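**Student:** Let me give you the structure first, and then I'll get to my questions.
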Amino acid sequence: MQLNQLPADQGGSPPYGPFAPSFASSPAQKKAAAEAIDEHILGDTRAAGKWADEANSAAAKAFGPKDGDGWDAATALKKADKAWDNSVRVLCRRLSSESIALRDTSTLFRSNDLGIGTQLGGTSKLNGL
C-alpha cells in the first residue's frame, strides 16, 4: 500500500442523461405533493400536536397544586406546552405555505414563459412577414 496515491475507485463522476437523478418534477408530481401535505401530513401534524397537548396537560394537572403550591414540574410542563403549541402552529403554517408554493409553481413558470415569449416575439423581424 502506498500512501501517496489515491485508491483506484473514486466513484467517478455523477451520471448524466435520462437515468441521472434529478430535482425536476412534473406539474402532476407537484400537485400530488401538495395534496399529500394537505390531506395527510398537515392533518397528522395537527393530530400529533393535539395528542401531545392533551398528555402534557394531564401531566401538568397531576403535578399541580392539590393541597399547597404543587410541584415546580407543573410550571415547567405548562411552559413546555406553550412552546410546543407554538412550534406546531409554526410548522403547520410552513406546511401550508409549502403546499401553496407547490401549487403555484407551474402557474409561475407558465407566466414567465409567456412573458419571455411576448418580449422576444416583439423583437423578431419574422413577425412582419
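Numbering (UniProt numbering), first residue to last: 1 to 129. All residues carry an ideal CB built from backbone N, CA and C; glycine is no exception. Since the model is a prediction, treat every value here as computed from it, not as a measurement.
1. Look at the alpha carbon of A34 and the alpha carbon of A101, and state the distance between them as a whole number of angstroms.
2. At 4 residues or longer, and completely inside the region 23-93: list those alpha helix (DSSP H) runs for me, N to C.
3. Since I believe A74 is in contact with residue 204 (beta carbons under 8 Å), could you give me their beta-carbon distance rounded to a whole number of angstroms?
4. Note down the Cα distance separating D69 from D53, rounded to an integer number of angstroms.
5. I'd like the list of long-range same chain contacts for E98, defined as Cβ closer than 7 Å, with 5 residues on each side in sequence excluded.
**Tutor:** To lay it out plainly:
1. 9 Å
2. 27-36, 42-63
3. With the chain represented from 1 up to 129, any question about residue 204 goes unanswered, as that position is not in the structure.
4. 23 Å
5. I37
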